[in-house]
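Student: Using our numbering, read the sequence shown as starting at 215 and increasing by one per residue.
A virtual CB, placed ideally from N, CA and C, is assigned to each residue, including glycine.
Next up is a structure, given as C-alpha coordinates.
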Amino acid sequence: MSSSTASRWLRPEVYPLFAALGVAVGICGFQLVRNMCINPEVRVNKEKRRAGVLENFEEGQKYSEHFLRKFVRNKPPEIMPSINSFFTDPNRN
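Below, the structure is given as C-alpha coordinates:
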(Lines of atoms letter the chains of each structure in order from A; the text may use other names.)
(Lines give C-alpha, C1' and ligand atoms only; values in the text may rest on other atoms or scores of the structure.)
Protein backbone atom coordinates (compact mmCIF):
# COMPACT_ATOMS: atom_id res chain seq x y z
CA MET A 215 0.00 0.00 0.00
CA SER A 216 1.53 3.28 -1.03
CA SER A 217 1.64 6.32 1.20
CA SER A 218 -1.02 8.15 -0.87
CA THR A 219 -3.49 5.29 -0.38
CA ALA A 220 -2.77 5.17 3.35
CA SER A 221 -3.17 8.92 3.69
CA ARG A 222 -6.46 8.76 1.79
CA TRP A 223 -8.08 5.97 3.85
CA LEU A 224 -6.52 6.34 7.29
CA ARG A 225 -7.90 9.78 8.12
CA PRO A 226 -9.97 10.42 11.26
CA GLU A 227 -13.06 11.11 9.14
CA VAL A 228 -13.06 7.48 7.98
CA TYR A 229 -12.90 5.90 11.46
CA PRO A 230 -16.71 5.76 11.92
CA LEU A 231 -16.99 3.94 8.60
CA PHE A 232 -14.43 1.37 9.74
CA ALA A 233 -16.28 1.00 13.06
CA ALA A 234 -19.66 0.46 11.37
CA LEU A 235 -18.23 -2.09 8.96
CA GLY A 236 -16.43 -3.84 11.80
CA VAL A 237 -19.66 -4.14 13.79
CA ALA A 238 -21.53 -5.44 10.73
CA VAL A 239 -18.85 -8.05 10.00
CA GLY A 240 -18.84 -9.05 13.68
CA ILE A 241 -22.63 -9.56 13.71
CA CYS A 242 -22.47 -11.61 10.51
CA GLY A 243 -19.64 -13.73 11.91
CA PHE A 244 -21.51 -14.30 15.18
CA GLN A 245 -24.65 -15.41 13.34
CA LEU A 246 -22.65 -17.72 11.09
CA VAL A 247 -20.90 -19.41 14.01
CA ARG A 248 -24.14 -19.61 16.00
CA ASN A 249 -25.99 -21.30 13.14
CA MET A 250 -23.17 -23.71 12.34
CA CYS A 251 -22.67 -24.79 15.95
CA ILE A 252 -26.16 -24.71 17.49
CA ASN A 253 -28.83 -24.79 14.77
CA PRO A 254 -30.43 -28.26 14.63
CA GLU A 255 -31.14 -27.96 10.90
CA VAL A 256 -27.50 -27.39 9.94
CA ARG A 257 -25.51 -30.60 9.65
CA VAL A 258 -21.85 -30.29 8.74
CA ASN A 259 -20.79 -33.92 9.20
CA LYS A 260 -21.43 -36.34 6.37
CA GLU A 261 -22.92 -38.93 8.75
CA LYS A 262 -25.52 -36.48 10.03
CA ARG A 263 -26.37 -35.32 6.50
CA ARG A 264 -27.18 -38.90 5.49
CA ALA A 265 -29.98 -38.98 8.02
CA GLY A 266 -32.07 -36.68 5.80
CA VAL A 267 -34.92 -34.69 7.28
CA LEU A 268 -35.20 -35.24 11.01
CA GLU A 269 -38.33 -34.72 13.07
CA ASN A 270 -36.62 -33.03 16.01
CA PHE A 271 -39.25 -30.57 17.21
CA GLU A 272 -37.91 -30.41 20.79
CA GLU A 273 -34.43 -29.44 19.65
CA GLY A 274 -35.81 -26.84 17.24
CA GLN A 275 -38.01 -25.38 19.95
CA LYS A 276 -35.02 -25.15 22.27
CA TYR A 277 -33.01 -23.36 19.57
CA SER A 278 -35.71 -20.84 18.71
CA GLU A 279 -36.63 -20.00 22.31
CA HIS A 280 -33.30 -18.49 23.33
CA PHE A 281 -32.65 -16.17 26.29
CA LEU A 282 -33.17 -12.87 24.46
CA ARG A 283 -36.51 -13.92 23.01
CA LYS A 284 -37.73 -15.07 26.44
CA PHE A 285 -36.54 -11.79 27.98
CA VAL A 286 -38.38 -9.48 25.56
CA ARG A 287 -41.52 -11.58 25.15
CA ASN A 288 -43.65 -9.63 27.66
CA LYS A 289 -42.02 -6.24 27.17
CA PRO A 290 -43.73 -3.48 25.16
CA PRO A 291 -42.19 -2.99 21.70
CA GLU A 292 -40.81 0.46 22.47
CA ILE A 293 -37.25 1.68 22.48
CA MET A 294 -37.83 4.70 24.74
CA PRO A 295 -41.13 4.17 26.58
CA SER A 296 -40.90 7.36 28.67
CA ILE A 297 -40.48 9.59 25.61
CA ASN A 298 -43.25 7.73 23.77
CA SER A 299 -45.67 8.17 26.67
CA PHE A 300 -44.69 11.84 27.02
CA PHE A 301 -45.67 12.62 23.43
CA THR A 302 -48.69 10.30 23.13
CA ASP A 303 -50.38 10.51 26.55
CA PRO A 304 -53.33 12.98 26.28
CA ASN A 305 -53.48 13.47 30.07
CA ARG A 306 -50.12 15.26 30.11
CA ASN A 307 -51.28 18.23 28.03
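Mind reading off the beta-carbon distance from residue 298 to residue 277? Whole number of angstroms is fine, and I expect it under 8 Å.
Tutor: As a working note, residue 298 is residue 84 in the sequence shown. As a working note, residue 277 is residue 63 in the sequence shown. Their Cβ separation, rounded to whole angstroms, is 32 Å, which puts residue 298 and residue 277 out of contact at 8 Å.
Student: Are residue 249 and residue 258 closer than 7 Å when you measure CB to CB?
Tutor: In the sequence shown, counting from the first residue as 1, residue 249 sits at position 35. In the sequence shown, counting from the first residue as 1, residue 258 sits at position 44. Cβ distance not < 7 Å, so residue 249 and residue 258 don't count as in contact.
Student: According to DSSP, is residue 293 helix, strand or coil?
Tutor: Working through the sequence shown from its first residue, we reach residue 293 at position 79. Residue 293: coil per DSSP, three-state reduction.
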